[in-house]
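Following: one structure in structure tokens, then a few remarks.
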Amino acid sequence: TAGPDLAGRHVVVSAGGTREPLDPVRFLGNRSSGKQGYALARTAAARGARVTLIEANTGLPDPAGVDVVRVGTAVQLREAVLKAAPDADVVVMAAAVADFRPETYATGKIKKKDGQDPEPIVLVRNPDILAEIAADRPRPEQLVVGFAAETDDVLANGRAKLARKGCDLLVVNEVGERKTFGSEENEAVVLGADGSETAVPYGPKEALADTVWDLVVHRLG
Ligand code: C5P
């Protein structure tokens, strides 16, 4: 593995998946385990970086030598990222952020009523944290890395997303049955805004993490 090539750098990594509450006992969530984000945090620390890990609902133990910030919802994740980002050389958005949240939060548990149809759940958009950070960088030389899970036309969709989000690197995963979520392994293509394309074969999430940091170190110069 690499030497301390991230020494003196501060990296911010988000991991896990947001939960958007409907009432005190229910939420809309997703299948992200947080393992890829944790692998990014561990490998960055091993390469000498100061690491801020913003985690949402992973239940994973804190990695040694990493500052951990715990959040629940997309709005909380955005606040934590915006707070940490001004001091960061690199921001990696590995968390699965809910695109939508329920418009209203019921302070009491939503009850079923005999003979009545359920109330529809109305959703509103969550802020796109990655696009916001990439568009409005607190430091001009800061690098912003996103993730994308795609089920089809993986490369074409990835390229379009990279442009839309305005990030420097986009790690594109093909997702499907048994793939990626909760697994210890991953397979991806890392797309660069400079047109680069780096295929990472199926293997441990640490290996993909190290490839991301290799590409970051190269671009930090
Ligand atoms: O648009 P999509 O959800 O596929 O984009 C995935 C990437 O964007 C991930 O890096 C994710 O962390 C980030 N994202 C975000 N805010 C959102 C939705 C996604 O930062 N509301």
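Sequential numbering of the sequence shown, starting at 180, is according to the UniProt record's numbering. Backbone N, C-alpha and C define an ideal beta-carbon position, used for all residues, glycine too. All values derive from a computational prediction rather than experimental measurement.
Q. Can you list, in chain order, the stretches of the beta strand (DSSP E) that have 3 or more residues and sit fully within the region 239-307?
A. 246-250, 269-272, 279-281 and 302-304
Q: Run the CB neighbour count on A378, radius 10 Å, all protein chains shown included, and call it buried at 16 or more, exposed below.
A: exposed
Q.
Tell me whether K214, by its Cβ, gets closer than 7 Å to a heavy atom of the ligand C5P.
A. no
Q.
With three or more C-beta pairs closer than 8 Å as the rule, is the region 209-220 touching the region 370-389?
A. yes
Q) When the distance is taken between beta carbons, is D393 closer than 8 Å to A372? A) no
(Q) Is D331 near the ligand C5P - that is, is its Cβ less than 7 Å away from at least one heavy atom of it? (A) no
Q. Heavy atom of the ligand C5P less than 7 Å from the Cβ of S193, yes or no?
A. yes
(Q) Using the three-state DSSP reduction, which class does N336 fall into: helix, strand or coil? (A) Looking at N336 - three-state DSSP - the assignment turns out to be helix.
Q: Per DSSP, which residues does H189 bridge with? Please list them.
A: Paired residues: R229.
**Q.** Neighbourhood of Y284 by C-beta, 8 Å cutoff - its chain only, sequence neighbours within 5 removed
**A.** Leaving aside the five residues that flank Y284 on each side, the residues in its chain whose CB is nearer than 8 Å to its CB run, in chain order, P200, L201 and D202.
(Q) Give me, in chain order, the residues of the same chain whose beta-carbon lies closer than 6 Å to that of residue 140; leave out the 5 immediate sequence neighbours on both sides. (A) Residue 140 lies beyond the stretch modelled for the chain, which goes from 180 to 400, so this question has no answer here.
Q | Length of the line joining the Cα atoms of R205 and L232 | A | 26 Å
Q. According to the neighbour-count rule (16 or more other Cβ atoms, all chains shown, within 10 Å of its Cβ), is V301 buried or exposed?
A. exposed
Q.
Using only CA atoms, which one of A339, V254 and A263 lies nearest to D278?
A. V254
Q. In angstroms, rounded to a whole number, what distance separates the CA positions of R338 and V248?
A. So the alpha carbons of these two residues sit roughly 31 Å apart.
Q: Look at V270 and V323 and say whether their C-beta atoms are less than 8 Å apart.
A: Yes. Within cutoff.
Q. V396 by DSSP, collapsed to three states: which one?
A. helix
Q. Which residue or residues does DSSP assign as beta-bridge partners of D202?
A. Residue pairing from DSSP places D202 in a beta bridge opposite R205.
Q: Assign A313 to one of three DSSP states: helix, strand, or coil.
A: helix
(Q) Any heavy atom of the ligand C5P closer than 7 Å to the beta-carbon of I308? (A) yes
Q: Note down, in chain order, each residue of its chain lying with its Cβ closer than 6 Å to the Cβ of G325, except the 5 sequence neighbours on either side.
A: For G325, where only same-chain residues beyond five positions count, the Cβ hits under 6 Å are M272, L309, K344, C346 and L349.
Q. So A235 and L256 are in contact, right, with Cβ under 8 Å, and what is the actual spacing, rounded?
A. With 8 Å as the limit, A235 and L256 qualify as a contact, their Cβ atoms being about 6 Å apart.
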